[in-house]
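Worksheet: the structure to be examined is printed underneath.
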Amino acid sequence: MDTNKTINKTETNKIIERQLRFQKLLISISTTYINADLSEIDKLIQKSLKQIGEFVEADRSYIFSYDLKNNTASNTYEWCAEDIEPEIDNLQNVPIAYIPQWVDAHKKGEAFYVEDVSLLPDDGENGLRAVLEPQGIKSLIAIPKIKNKELIGFVGFDAVKTIKKYTENEKDILFVYANMLVNVIQRKEYEAHIIEQDKKREKLLLDLSYQNEQLNEYAHVVSHDLKAPLINIHTLVTWFINDHKDDFEDSDIKPLNLALFNVERMNNLIKGILDYTTVDKLESDDSKIDFNFIVDEVVKSLLIPKHITVNIQDNLPSINGNAWRFKQVFQNLIQNAIKYSDKEQGSIEIGYTDKKDAYEFFVKDNGIGIKSDYFDKIFKVFTKLESTSASSGIGLSIVKKIIDHYKGAIWLESQENQGTTFYFTFLKP
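So in full-length UniProt numbering, spot 216 of the sequence shown is number 216, and the numbers just go up one at a time.
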């Protein structure tokens with residue numbers, strides 16, 4: 001085999017692996033932010049600064065807030081690697097006149113990047129080089145934080161021990177992280193505002209509602225921002241496989257197929273987050289929905305393996321609601337039944353019982369079953385029974401959120417190796 005090709009393949013694999021790990025780290029941080037108690041925000045920001053700082057091999061990471069009215073900048077959060085001196089106390093109300101190039105780049109929405117501080121011009125005791133060298137900084141990158149098109153600060157990374165080079169992909173991902181920080185700090189600001197208005201009950205309720213809307217919007221923004229790097233990774237890996245499939249053995253291509261699998265897993269996770277946050281945001285009017293039509297459409301849209309039979313009860317009822325939400329319920333439950341089918345002849349049954357005040361539906365399978373210990377856990381976001389598939393672990397939480405939206409209930413009965421039945425109700429008008 002050609003040595004250059006081997007080297008190129010190894011380097012490509014390293015790049016892909018690093019990008020995937022970076023994406024996974026960001027998803028982990030964003031998930032933590034979404035589920036966080038707001039009282040823990042400061043600790044979570046501090047932890048994420050350490051995680052990102054260590055990943056990009058920085059020696060110091062920090063967050064600054066701009067006060068453009070008074071033309072100053074102040075260090076609000078800081079993480080330092082071992083043996084690196086903190087600078088946060090020395091960097092309060094710093095005149096931005098000391099860093100005009102820095103501020104100009106941020107006002108344009110661009111990163112400010114100095115690969116080698118020693119190459120900066122010697123422009124006096126208040127110049128940029130004179131500000132950075134006493135802190136021992138060899139390289140730095142500072143990403144602007146922009147809120148509602150307004151520059152509010154930046155997140156920065158210092159290299160003290162060695163010069164640090166950043167690729168364009170790393171810069172793009174750091175921009176995603178900066179956007180996440182804007183949203184989570186904004187959540188903290190909303191909480192402080194709510195506390196101040198505690199005596200004004202009506203305004204408190206409005207602020208809580210607005211905060212929840214912003215949290216959903218945050219999930220959408222982060223998810224959309226993460227999609228672009230994923231597409232780039234998928235394109236790069238697919239191109240490499242197609243271009244070299246005749247040169248390598250199957251064992252050589254296996255790591256790249258694994259990379260594609262992980263990209264698919266992350267893409268499903270992003271789609272799940274978007275679907276989860278969409279449940280409460282649909283603005284279309286409710287209408288009377290024929291469940292015979294809805295369930296038939298869902299089944300036809302899914303890839304049903306030949307060994308699985310789907311039986312649908314006749315004369316399902318019609319219910320007032322949103323077609324997309326109802327489809328999500330049946331789609332996720334049927335997909336779940338398919339995924340956990342382990343019998344030579346699998347079966348899925350869909351039907352309902354007419355109760356006094358509600359319609360009680362069921363989706364029954366003869367699959368692997370679920371341990372009783374998991375009955376409550378499986379409806380939580382990002383919970384999966386196993387980690388070998390590309391599933392997002394959000395499907396059942398979407399189902400529960402939709403049923404809760406319609407004031408219904410969901411529960412299950414299951415026995416290991418025999419199958420599972422999910423029951424759920426929709427209230428009658």
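Backbone N, C-alpha and C define an ideal beta-carbon position, used for all residues, glycine too.
Per-residue burial, residue i [other beta carbons within 10 Å of its own, 16 or more giving buried]
i	result
K401	buried
S48	buried
N242	exposed
Q19	buried
K356	exposed
E189	exposed
H106	buried
W102	buried
G419	buried
K149	exposed
W79	buried
L128	buried
V43	The sequence given here has Lys at residue 43, not Val. Its Cβ having fewer than 16 others within 10 Å, K43 is exposed.
S251	exposed
Residue j beta carbon less than 8 angstroms from that of residue i
i	j	result
F157	I137	no
L396	I368	no
V117	L132	yes
V399	N332	yes
K380	T421	no
V182	I146	yes
I403	V329	yes
V184	I370	no
I45	N71	no
Pick from the options that is closest to residue i, judged by C-alpha positions
i	options	result
E82	D59, V184, K371 and Y359	D59
residue 485	R325, I319, F293 and N322	Residue 485 is absent from the structure shown; the chain starts at 1 and stops at 429.
F426	I350, S347 and I319	I319
W411	Q418, K107 and F361	F361
A337	A358, N322 and L303	L303
P429	K306, I334 and P317	P317
S28	Q92, V160, S61 and Q51	Q51
I194	S39, T235 and P100	S39
N90	Y62, K69 and D104	Y62
I350	A323, S414, Y423 and K407	Y423
E321	E297, D376 and S287	Residue 321 is actually Gly in this sequence, not Glu. Out of E297, D376 and S287, S287 has the C-alpha closest to the C-alpha of G321.
A111	E168, R325, I16 and Q415	E168
L68	R129, E87 and N93	N93
D373	C80, S414, A409 and G419	S414
G53	D122, Y166, N417 and L119	Y166
D354	N315, M180, W79 and P121	N315
T309	Q345, G109, D296 and A323	Q345
L26	N35, F248, V295 and V176	V176
D172	L119, F22, F240 and F375	F22
F291	T162, A323, K161 and H307	A323
M180	H244, Y33, T162 and D376	Y33
Residues of its chain near residue i, where Cβ-Cβ distance is below 6 angstroms and the 5 sequence neighbours each way are ignored
i	result
K343	N366
S65	S74, T76 and G153
Y340	G367 and I368
L174	I143
A178	I143, K145 and V155
Y359	P317, Y352 and F426
E87	Q135
S347	T309 and N366
A409	T425
K164	S139
K306	none
Residues near residue i in its chain [Cβ-Cβ closer than 7 angstroms; skip 5 each side]
i	result
residue 476	Residue 476 lies beyond the stretch modelled for the chain, which goes from 1 to 429, so this question has no answer here.
P255	N13
V56	F157 and E170
I84	D59, R60 and V160
S387	No answer about S387 holds up, because its pLDDT of 49 lies below 50 and its placement is not dependable.
E249	none
Contacts around residue i, its chain only, beta-carbon distance under 8 angstroms, and the 5 residues preceding and following it disregarded
i	result
D296	I312
K327	I294, E297 and V298
A159	E57, A58, D59, I137, K138, S139 and L140
I334	V298, V299, L302, V310, I348, I350 and V363
D123	R129 and A130
E416	I368, G369, I370 and K371
Below-8 angstroms beta-carbon distance, residue i vs any chain B residue
i	result
D89	Any reference to chain B falls outside this structure, which holds one protein chain only.
- Message: Which runs of the alpha helix (DSSP H) at least 4 residues long sit entirely within the segment 95-122? Give them in chain order.
- Response: Counting only runs of 4 or more, we get 100-107.
- Task: Let me know the alpha helix (DSSP H) ranges lying completely inside the segment 320-352, each 4 residues or longer, listed in chain order.
- Result: Complete alpha helix (DSSP H) runs here, min 4: 323-339.
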